[in-house]
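Enquirer: Numbering (my numbering), first residue to last: 32 to 441. Ideal Cβ placement from N, Cα and C applies to all residues, glycine included. Let me give you the structure first, and then I'll get to my questions.
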Ligand code: ADP
Ligand code: MG
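As structure tokens, this is what we get:
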């Protein structure tokens, strides 16, 4: 893992009076025009403020949700974000409805110090997700400096992350990416012991890569949530109608064996909350690990919660990804919230990554007691897995024109 080696930060770049295209992850949940959680907006503020203070002319850009890519859709508009940013920064945020036009370029020429531009949702143009060089070219035509601070989008080779970065010679990352990567590097190189990983969520197949990668690093592994049943099935435990990935049962069994061979603790649920559907209004607790035919597991049971709690008391480093149960249903949130509470109590360096996990941590009321909540779900996981993130690699790579330059003789 090379971290941020070879990548410039926005501190290394002269921005005074220059047009700076700042790619952010302002992809916040919005319901009826109201922002539901502004973690990502808050995360973007330090870099924006610093660049404004250094008298850059700012063009902010982000995607929001998954529009069709066929033009404007009201429910994916950046309008509420523009409004909130303008309140938080106490500046006029001008929303550019046609980012793929001359408008930003000419507005930049007369931009006042108390103004900045925000482009409408980049994904209204399908060129964004297609990594279109032509689209990148129109943005580049009014850009002096490109800064990427969209950690949550770095695992996507999209036009504003990849093609644009290739086009603009002066480029680097912002403060949020620096911080996120530093935290993940700390986890990857953690020598503090015990190091505990807690994995849950819906799908084993999503997380196999991470588990493989963590196997040799962690001292203990907790498996909960929907993916636990595939592991239990591999041990011949009856799991009723619980979520299971038949084609992953063998791999799950192998992973258990590999943990055993390393003499490392692996906690699988020893009891469960079960119900006949994930939408039920209440469940019942099983006495042991097996689940009767007509039921499915929807949360870890009280004995399992206590066991995890005990493990976390002594932990020094904890990485948590994936809820322990169907936490969206208040009747089945207790297992997930108990992990959040025990993490909050523990003195361990604790990192929560993943979109649903971050939401669960917020909902539990203990989010501010964690050492770090990552704004990036997929990006954090891919980084921890050891996969290169396209958004970082493009900034690390020498541009073709630079490669051809003869090294200067001193
Ligand atoms: P993250 O976004 O943090 O990476 P995932 O997307 O992998 O997490 O998993 C979150 C989802 O897993 C939640 O929607 C939750 O309801 C679901 N889940 C957790 N436990 C179960 C379970 N026992 N049965 C079905 N779904 C579950
Ligand atoms: Mg998720």
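(1) Report whether the distance from the Cβ of residue 231 to the nearest heavy atom of ligand 2 is below 6 angstroms.
(2) Keeping to the same chain, check which residues put their C-beta closer than 7 angstroms to that of residue 438; ignore five residues upstream and five downstream.
(3) Who's in the neighbourhood of ligand 2, going by beta-carbon under 5 angstroms from any heavy atom, listed in chain order?
(4) Can you check whether the CB of residue 224 is closer than 7 angstroms to the CB of residue 347?
(5) Might you give, ordered along the chain, the residues of its own chain that have their beta carbon closer than 6 angstroms to the beta carbon of residue 107, omitting 5 neighbours on each side?
(6) CB residue 228 to CB residue 246, shorter than 7 angstroms?
(7) Is residue 229 helix, strand or coil when you go by DSSP?
(8) With DSSP as the reference, label residue 377 as helix, strand or coil.
(9) With distance defined between alpha-carbon atoms, name the residue in 365, 410 and 361 nearest to residue 383.
(10) Which residues bound the beta strand (DSSP E) around residue 297?
(11) CA-CA distance, residue 127 and residue 137?
(12) Is residue 255 near residue 401, with beta carbons less than 7 angstroms apart?
(13) Could you check what DSSP says for residue 441 in three-state terms: helix, strand or coil?
(14) Work out the CA separation of residue 416 and residue 32 for me, nearest whole Å.
(15) Thinking just about the alpha-carbon of each residue, which of 73, 140 and 87 is nearest to the one in residue 442?
(16) With residue 328 as the anchor, note down where its alpha helix (DSSP H) starts and where it stops.
(17) Can you confirm whether the stretch 101-121 touches the stretch 160-176 when touching is taken to mean that 3 or more C-beta pairs between the two stretches lie within less than 8 angstroms?
(18) Can you tell me whether residue 177 is helix, strand or coil according to DSSP?
(19) Mind checking whether residue 314 and residue 304 have CB atoms under 7 angstroms apart?
(20) Is it the case that the CB of residue 274 approaches a heavy atom of ligand 1 more closely than 6 angstroms?
(21) Using a Cβ-Cβ cut-off of 6 angstroms (strictly less than) and excluding sequence neighbours within five positions of residue 380, which residues of its own chain qualify?
(22) Would you be able to state if there are at least three C-beta pairs under 8 angstroms between the stretch 171-191 and the stretch 46-62?
(23) Can you check DSSP and say which residues form a bridge with residue 150?
(24) Under 6 angstroms from any heavy atom of ligand 1, does the C-beta of residue 25 make it?
(25) Suppose contacts are defined by Cβ-Cβ distances below 7 angstroms. Is residue 352 in contact with residue 396 by that definition?
(26) Taking just the CA atoms, how far does residue 120 sit from residue 49?
(27) If you run the structure through DSSP and keep just helix, strand and coil, what is residue 434?
(28) Along the chain, where does the alpha helix (DSSP H) that runs through residue 393 open and close?
(29) By how many angstroms is the C-alpha of residue 206 removed from the C-alpha of residue 404?
(30) Is any heavy atom of ligand 1 found at a distance shorter than 6 angstroms from the C-beta of residue 200?
(31) Go through its chain and collect everything with a Cβ distance to residue 434's Cβ below 6 angstroms, but skip five positions before and after it.
(32) Evaluate contact between the stretch 369-378 and the stretch 138-149, counting only Cβ atoms and requiring at least three cross-stretch pairs below 8 angstroms.
(33) Can you name the start and end residues of the beta strand (DSSP E) that residue 88 belongs to?
(34) Go ahead and label residue 341 buried or exposed: buried means 16 or more other beta carbons lie within 10 angstroms of its beta carbon, across all protein chains shown.
(35) Please return the same chain residues whose Cβ sits closer than 7 angstroms to the Cβ of residue 163, not counting the five positions on each side in sequence.
(36) Should residue 47 and residue 71 be called a contact, given that it needs their Cβ atoms to be closer than 7 angstroms?
Expert: Concretely, from the data shown:
(1) No; taking the cut-off as 6 angstroms, the Cβ of residue 231 has no heavy atom of ligand 2 nearer than that.
(2) Confidence is the limiting factor: at residue 438 the pLDDT is only 47, short of 50, which leaves the residue's position unreliable, though a coordinate-based value still follows. There are no such residues.
(3) Cβ-based neighbours of ligand 2 within the cut-off: 386 and 387.
(4) yes
(5) 95, 96, 98 and 152
(6) For the pair residue 228 and residue 246, the CB atoms are not nearer than the 7 angstroms cut-off.
(7) It is a strand residue.
(8) coil
(9) 410
(10) 296-298
(11) 12 angstroms
(12) no
(13) The predicted position of residue 441 is uncertain, since its pLDDT is 45 and thus under 50; a value taken from the coordinates is nonetheless stated next. Correct three-state label for residue 441: coil.
(14) Residue placement at residue 32 is poorly supported in this model, since its pLDDT is 48, which falls under 50; the coordinates are not used for a value here.
(15) For the chain, the structure presents residues 32 to 441; residue 442 sits outside this window and is missing.
(16) Per DSSP, residue 328 belongs to no alpha helix (DSSP H); it is in the beta strand (DSSP E), 327-331.
(17) no
(18) Strand at residue 177.
(19) yes
(20) yes
(21) 348 and 402
(22) yes
(23) Residue pairing by DSSP puts residue 150 in a beta bridge opposite 127.
(24) It is not possible to answer for residue 25, since the shown part of the chain is limited to 32 through 441.
(25) no
(26) 20 angstroms
(27) Caution is warranted here: a pLDDT of 49 is assigned to residue 434, below 50, making its placement in the model unreliable, and no coordinate value can be reported.
(28) 386-395
(29) 15 angstroms
(30) no
(31) Note that residue 434 scores 49 on pLDDT, short of 50, meaning its location in the model is unreliable and no value can be drawn from it.
(32) no
(33) 88-92
(34) exposed
(35) Result list for residue 163: 190 and 194, in chain order.
(36) no
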